[in-house]
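For reference, the structure is listed below as structure tokens.
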């Protein structure tokens, strides 16, 4: 008995100690408060360090939820895509002296709070200062020359028109004109040059004397010294870049304008041209030469990038044909439990299926995203939910579109957003409302007191011949018989 008593006392003491400790932890978490929360005087581009996650609120506050895990912020840190550039625009300080910054990625995939150290005068913790673009000098071979856009058009490919800033280096800065064909014949002069930090490609600022409003930034490889551009460059007048696999199989070939980069005008540095025309989804493993003479052909050995290991698709509600929302504008259909457990399991299976994975460095298109959802039987489906009055309604949920995603070369997961419309269905309850079938027949002047059961009612309805096949009445009869067969 003494042994059992000692064990009981020890267990009781241990449990009490745990309760005290847990209570202390909860008290500490609940005692964290925000002392200040203000806009930064100037929005600042930053990069994540991969040491901290991004939360819905300061991470130490009660109820804070993870928006982007540490693994995600590590990926952002090392990304080679400007869409992963980060802007800090608010700062908050807690009573513990911790500083948190509200940040958003340039593609707006993540917006939330991240720990930024103990000082508001410099970044620490999960953030570091970052420059998205490094200014350089205009190449001597590009001065005092006239250029044209090589392949003007509407493609948002950094080469078909000019931009207000190098793409994805400044938040909210887009094209000067959507269709570069409008300035296809304009002579351009290069006045500035620089390199995007993540991508490492060269951009130049061009002055357009004919249409000054369209002066702006463009990839250097998007310019030509002749109208019509590099696509019309003769092999003997340009440099041909031949992309092949390590086994020697042809992948792609491109002839670009010869732009000398040496003082004697005999050699061209082809590095920018190689990177600018690299087939999507491939990486360079070897180049036969970094320079070329006019008329030369250089061989570039490439390898296809690895594929993602998993996918993520956020399902959001968009306006239906009436401009209405059932569950709310941008409502997350997953978190609102619109999907059943079986539907969620089916989608999870497709998101990890090897056949659905995307080659990194390529664009995950809207059609490909739709295919994944269709395989999970989530193209169009029905759901029953209670409306604002607590009455169960049947809704039809239909896929409408998805935002294409450029998948970073080092990504292991691709994330996309798909949009669905939600419309009220036509179940028997929706048709009849609060009225019973007897109420409706009674309103038509039909005496139902002598009807003994469902079969009598159906015989009566069919005998009325109110519209024949395809009528609303026939539809109601089909629903009744179908639902009770």
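Numbering (mature numbering (1 follows the signal peptide of the UniProt record, and there is no 0)), first residue to last: -22 to -1, 1 to 463.
All residues carry an ideal CB built from backbone N, CA and C; glycine is no exception.
Everything numeric in this text was worked out from a predicted model, so none of it was measured.
Paired residues, beta bridge with residue i - DSSP
i	result
residue 216	235
residue 172	113 and 181
residue 153	141
residue 363	371
residue 378	DSSP lists no partner for residue 378.
residue 166	125 and 186
residue 383	342
residue 464	Residue 464 lies beyond the range of the chain shown here (-22 to 463); nothing can be said about it.
Anticipated Cβ contact below 8 Å, residue i with residue j, distance rounded
i	j	result
residue 10	residue 72	5 Å
residue 466	residue 43	Outside the modelled stretch of the chain, which goes from -22 to 463, sits residue 466, for which no answer is possible.
residue 396	residue 329	About 12 Å separates the two Cβ atoms, so there is no contact after all.
residue 252	residue 219	6 Å
residue 174	residue 110	7 Å
residue 247	residue 200	With a Cβ gap of about 17 Å, residue 247 and residue 200 do not count as contacting.
residue 168	residue 182	5 Å
residue 341	residue 284	Contact doesn't hold; Cβ gap of about 16 Å is too wide.
residue 130	residue 138	6 Å
residue 222	residue 279	6 Å
residue 65	residue 23	6 Å
residue 260	residue 196	Residue 260 to residue 196, Cβ: 23 Å. No contact.
residue 287	residue 335	7 Å
residue 99	residue 38	At roughly 21 Å, the Cβ-Cβ gap does not stay under 8 Å, so residue 99 and residue 38 are not in contact.
residue 172	residue 127	Rounded, the Cβ-Cβ distance is 19 Å, inconsistent with contact.
residue 192	residue 147	Actually they do not touch by this definition, with Cβ atoms about 19 Å apart.
residue 295	residue 271	With 8 Å as the limit, residue 295 and residue 271 do not qualify as a contact, their Cβ atoms being about 59 Å apart.
residue 373	residue 360	7 Å
residue 78	residue 93	6 Å
residue 134	residue 164	Actually they do not touch by this definition, with Cβ atoms about 20 Å apart.
Assigned secondary structure, residue i (DSSP; H/G/I helix, E/B strand, else coil)
i	result
residue 322	helix
residue 145	coil
residue 350	helix
residue 388	coil
residue 108	coil
residue 160	helix
residue 335	coil
residue 448	Summary for residue 448: the model assigns pLDDT 42, below 50, so the residue's position carries little reliability; its value from the coordinates is reported in the next sentence. In the structure shown, residue 448 sits in coil (DSSP, three-state: anything other than H, G, I, E or B).
residue 191	helix
residue 307	coil
residue 327	helix
residue 372	strand
residue 119	helix
residue 399	strand
residue 344	helix
residue -14	At residue -14, the pLDDT of 37 sits below 50, so the modelled position is not reliable; the number obtained from the coordinates is stated separately. If DSSP states are grouped into helix, strand and coil, residue -14 belongs with the helices.
residue 288	strand
residue 199	helix
residue 96	coil
residue 294	strand
residue -2	With a pLDDT of 39 at residue -2, under the threshold of 50, the modelled position of this residue cannot be trusted; read the value that follows with caution. Three-state result, residue -2: helix.
residue 551	Residue coverage of the chain in this structure runs from -22 to 463, which leaves residue 551 outside it and unanswerable.
residue 223	coil
residue 204	coil
residue 302	coil
residue 230	strand
Residue i CB to nearest heavy atom of the ligand COA below 7 Å
i	result
residue 393	Annotation note on the ligand COA: not contained in the displayed structure, which lists no ligands.
If you scan the segment 232 to 283 from start to end, which runs of the alpha helix (DSSP H) of 4 or more residues do you find wholly inside it? You should have 249 to 254.
Evaluate contact between the segment 380 to 390 and the segment 303 to 312, counting only Cβ atoms and requiring at least three cross-stretch pairs below 8 Å. Touching, no, given that fewer than three Cβ pairs across the two stretches are closer than 8 Å.
Does the count of Cβ pairs from the segment 86 to 102 and the segment 45 to 63 closer than 8 Å reach three? Enough Cβ pairs lie closer than 8 Å, so yes.
Are there three or more Cβ pairs, one per stretch, closer than 8 Å when the segment 365 to 380 is compared with the segment 347 to 357? Short answer: they touch.
Three-pair Cβ contact test at 8 Å for the segment 21 to 38 versus the segment 95 to 106: The segment 21 to 38 vs the segment 95 to 106: in contact.
Quick one: complete alpha helix (DSSP H) runs, 4+ long, within the segment 4 to 90? The segment 4 to 90 contains these whole alpha helix (DSSP H) runs: 48 to 56.
Taking three-plus beta-carbon pairs below 8 Å as touching, is the segment 307 to 327 in contact with the segment 252 to 268? In short, these stretches do not touch, since the Cβ pair count stays below three.
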